[in-house]
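Visitor: Let me begin by handing over the structure; questions about it come next.
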Amino acid sequence: MSSNTLTMGEVAARTLADEMRRDPTIWVLGEDVEMGGIFAQYKGLFQEFGAQRVVNTPISESTIMGAGLGAALVGTRPVIEMRIADFVLPAIDELVNQIAKVRYMFGGQARASLVARMPHGLMAGSAAQHSQIIESWFVNVPGLVVAAPSTALDLAGLLRTALRSDDPVVFFEPKALFKTSADMPDDWPAIPFGKAAHLSAGDDVTIVSWAQAMPVAKTAAAELADARVGVDLFDLRSLWPWDRDAIVASVARTRRLVVVQEGVGAAGFGAEVAATVGEAVSALKGIRRVASPRIPVPFAPTLEEACWIRPGMITKAVKEVLAL
Amino acid sequence: MRHLLHRRWRLHEAFVKINGIKRGLWRAVDHIEHPVCLSLMGARLDVPVASREVTAPPRPSLMQIPSHKTDHCAFLRELYRRMKAIRVFEDTCVAAHKAGEMPGYIHSSAGQEAVPVGVCSALRTDDRITSTHRGHGHGLAKGSDLDGMMAELYGKEAGLCGGKGGSMHVADFSVGMLGANGIVAGGIPIACGAAQGLRLLGSDAIVACFFGDGAVNRGPFLEGMNWAAIYKLPVLFVCEDNTFSAFTHSSTTTAGPGPLARAESCGVSGERVDGNDVLAVHEAALRLSSEARAGGGPRFLWAKTYRFSGHVSVDPAAYRSQADLDAALAHDPLALARAKLAKAGLPEADIAALDSEVQADILRSQARARTLPYPHRAQAFMDVQDMGAPA
Ligand SMILES: Cc1ncc(C[n+]2csc(CCOP(=O)(O)OP(=O)(O)O)c2C)c(N)n1
Ligand SMILES: [Mg+2]
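Those protein sequence lines, which keep their order, are chains R and W.
Per the numbering used here, residue 3 is the first one in the first sequence, and the count goes up by one each step.
Per the numbering used here, residue -2 is the first one in the second sequence, and the count goes up by one each step.
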């Protein structure tokens, strides 16, 4: 193990600490951030920055989100921790009715320059209220930027950009991956929003994924490569803005698209990708969406399996479009 | 000018003809509307021919009013003038809306003027306020530009929000007015965070948070009281209790002894005042805000008043009795302030002259707003967001 092997949680904490040293107006508020957050993604920050900048809050999601906005309106840059994405729902008014719209409603007088972080995705045994994927709801809200990284390096790079931008950023983090380790380079530079990571080049099929489905898509793509299928594989990394140009250009070549996402497929972000490509690529041969069914996430492992994305589902979809 | 680049600023643009050549005049202002740069653009409009940085003092504060102690009459006159301006403004807008010339909903605050005026006269310019759907009075009392407010309600480009907010979202950051709010209780968490942010920035400004008696039944009310108390935030919560929650008498929807007791249960102390007595409101607000500013933590002002109009301009308010309305009208805050002003020694002729002056000013502002252009269609796509902006 190299000395640069870090968990995603450690990478998140170090990146934020770095940014907080750079910009004294950045501060954190959320439940249990004092002890480092429930995924250790804030570990050590309270010790370094103190109670004024790492604010441990009551279980008051509306006010965590709304206070973040108020603090942004007077010129600070809050990092709003939502614990998990399911708990943003009590704060949806503050996020959707207020944060997303203040700049517009007030004719540009104000910005809600903040980052609302919410670990999301399936996690074994978490059931219906601790496992939801609701990213597409926020893509539907004008004013918001939506990030959904799948790797530690992308998380670091996108978090930096989020903290340096004037837009409100809804920052989804892959919660089941926080404990995974990665070999990190020395530099973790900022990564722009709307730029997909092109992970492998191929001419037969385009596979697009993001967040927690991404490692599954990578496994499937490796299997397909072994079977001599040329896969053009992308990690979108951010869902608004998203790298429409790269995906359209790829499918214009491969003429086949498989979109892989965790969470309910109906009106999920995969539908937006599929529709956009369908409108833009005339010589299209086939599109498949791989996603979870439209059911609440069940508890029993045998039932929960219905929601997980497995490599076999992706290879099957690829074989279907290749046959078209 | 490089050092200006990291500051947030926006551009005001005007066109002038000099020797028959159309030139753009650009004025950059920072986030609190201090002019930071003036540029005269060349005939091609994209090349500055002259630029000058300006360091202007902050806009004069309407909060800077004669001292209560040293010139009581002048002080009362100023409070009365602001109340009168709000009353005439509201009545003018309701009439304009009913006549079909002003779009949107108009929630009039007629009858409640003593609350915003009493509270805001106890604040500094750099203190912030959060407001509600019934927010014109809060903005005007905090010192918002009358013409900007009027133009905004008409949906005109010269409005405070460029015509993109309207009555329910009118904001004026240049005077610390952080926005009306279309969501009941929406301002409460925002006020808490604004106070927290100001503290982090080392400011001793405070935040006054206006909300209605209906808002105390929403969750953010409890969250906000608790939040402000645990962090000892400098927030003055102002419950502007006008007796109604939309079309319903609030006594039928609010359990227990009322808003102040709820705040006190979280350790937020405060006072109940006659919300129709502008002096009483002012004095209570001054006491409470000084305590909050001095680090005493949040304070609560429960100002009992009455809404003269319906919930919105088109509401005849048939759900209330004439007797109740008559009783309220007999306790009209504007008439009470006028009587106090007369008693303090301002001759009736002077008060009448002041009335006409205010009336004329608002009619002039309305006439101006009518003639102003609507925003250009392109504005619909601006100020949404930087990354992923509409194509
Ligand atoms: C969360 C929310 N629920 C309902 C409404 C609709 N609504 C607008 S004003 C209002 C009444 C609010 O009463 P109060 O807080 O006392 O303010 P007032 O209208 O008396 O000034 C209601 C129900 C809203 N705007 N927001
Ligand atoms: Mg009310």
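Ideal Cβ positions, reconstructed from N, Cα and C, are used throughout, including at glycine.
Within the 9 Å Cβ cut-off, does A188/W reach chain A?
Guide: The displayed structure is made up of protein chains R and W, and chain A is not among them.
Visitor: Which residues, in chain order, sit with a beta-carbon under 7 Å away from any heavy atom of ligand 2?
Guide: Those residues are G209/W, D210/W, G211/W, D238/W, N239/W, T240/W, F241/W, S242/W, S247/W and R304/W, given in chain order.
Visitor: Over what stretch of residues does the beta strand (DSSP E) that includes R291/R continue unbroken?
Guide: Residues G288 to S294.
Visitor: Alpha carbons only, please: which of V172/W, C206/W, Q109/W and L175/W is nearest the one belonging to L326/W?
Guide: When each option's Cα is compared against that of L326/W, the closest is Q109/W.
Visitor: Determine the burial state of N142/R: buried for a count of at least 16 other Cβ atoms within 10 Å of its Cβ, exposed for fewer.
Guide: Exposed, by the Cβ-count rule.
Visitor: Secondary structure at A118/R, three-state DSSP: helix, strand or coil?
Guide: Strand, per DSSP.
Visitor: Mind checking the segment 18 to 31 of chain R against chain W and listing, in chain order, the residues whose C-beta falls within less than 9 Å of any C-beta there?
Guide: Per Cβ criterion, the list reads P26, T27, W29 and L31.
Visitor: As an exercise, report each continuous beta strand (DSSP E) stretch of at least 3 residues that is fully enclosed by the segment 77 to 162 of chain R, in chain order.
Guide: Fully enclosed beta strand (DSSP E) runs of 3 or longer: 79 to 83, 117 to 122 and 147 to 149.
Visitor: Mind listing the chain R neighbours of P217/W? Cutoff is C-beta to C-beta under 7 Å, in chain order.
Guide: Under the 7 Å cutoff, chain R gives S64, T65 and G68.
Visitor: Taking a Cβ distance cut-off of 8 Å, strictly less, list which residues of the segment 150 to 161 of chain W are near chain R, in chain order.
Guide: Those residues of the segment 150 to 161 of chain W that come within reach of chain R (Cβ to Cβ, closer than 8 Å) are G156, L157, C158, G159, G160 and K161.
Visitor: Within 10 angstroms of the Cβ of L37/R, are there 16 or more other Cβ atoms? Answer buried if so, exposed if not.
Guide: For the sequence presented, residue 37/R should be read as Met rather than Leu. Classification for M37/R: exposed.
Visitor: Please confirm if L369/W has its CB atom under 9 Å from at least one CB of chain R.
Guide: L369/W does not count as touching chain R.
Visitor: Within this structure, are the beta carbons of L298/W and E268/W separated by less than 9 Å?
Guide: Contact: yes.
Visitor: Can you tell me whether A350/W is buried or exposed? The criterion is at least 16 other CB atoms within 10 Å of its CB, across all chains shown.
Guide: A350/W comes out exposed.
Visitor: Determine, using beta carbons only, whether V57/R and V30/R come nearer to each other than 9 Å.
Guide: Result yes, Cβ atoms of V57/R and V30/R sit closer than 9 Å.
Visitor: Measuring CB to CB, does G115/W end up less than 9 Å from L76/W?
Guide: Yes, Cβ-Cβ distance for G115/W and L76/W is below 9 Å.
Visitor: At a CB distance below 8 Å, what residues from the segment 118 to 129 of chain W approach chain R? Give them in sequence order.
Guide: Residues R125 and T127.
Visitor: Identify whether C263/W lies in helix, strand or coil by the three-state DSSP scheme.
Guide: Coil at C263/W, not helix or strand.
Visitor: Please report the straight-line C-alpha distance between F173/R and I86/R, rounded to a whole angstrom.
Guide: One C-alpha to the other measures close to 11 Å.
Visitor: Taking 8 Å as the cut-off, does the segment 243 to 261 of chain W touch the segment 201 to 219 of chain W (at least 3 CB pairs, one atom from each stretch)?
Guide: The answer is yes - the segment 243 to 261 of chain W touches the segment 201 to 219 of chain W, with three or more Cβ pairs under 8 Å.
Visitor: Does at least one heavy atom of ligand 1 sit under 8 Å from the Cβ of A252/W?
Guide: It does not: the Cβ of A252/W is nowhere closer than 8 Å to a heavy atom of ligand 1.
Visitor: Which residue spans inside the segment 5 to 49 of chain R form an unbroken alpha helix (DSSP H) run of at least 4?
Guide: The segment 5 to 49 of chain R contains these whole alpha helix (DSSP H) runs: 10 to 24.
Visitor: Hey, would you say the C-beta of D95/R is under 8 Å away from at least one heavy atom of ligand 1?
Guide: For ligand 1, at least one heavy atom lies less than 8 Å from the Cβ of D95/R.
Visitor: Should V311/W be labelled buried (16 or more other beta-carbon atoms within 10 Å of its own) or exposed?
Guide: The residue is exposed, with fewer than 16 neighbouring Cβ atoms inside 10 Å.
Visitor: Is the shortest distance between the beta-carbon of A148/W and the beta-carbons of chain R less than 9 Å?
Guide: It does not: the Cβ of A148/W has no partner Cβ on chain R nearer than 9 Å.
Visitor: In terms of residue numbering, what span does the alpha helix (DSSP H) encompassing T89/W cover?
Guide: From DSSP, the alpha helix (DSSP H) with T89/W extends over H69 to K95.
Visitor: For chain W, find out if any of its Cβ atoms is closer than 9 Å to the Cβ of T59/R; answer yes or no.
Guide: Closer than 9 Å to some Cβ of chain W, the Cβ of T59/R qualifies, so yes.
Visitor: Considering just the uninterrupted stretch of the alpha helix (DSSP H) at Q319/W, what are its terminal residues?
Guide: Looking at the DSSP string, the run of the alpha helix (DSSP H) that includes Q319/W is Q319 to L326.
Visitor: Determine the chain R residues that contact D144/W at a beta-carbon separation under 9 Å, and present them in chain order.
Guide: Within chain R, no residue comes near D144/W; the closest Cβ sits about 15 Å away, beyond 9 Å.
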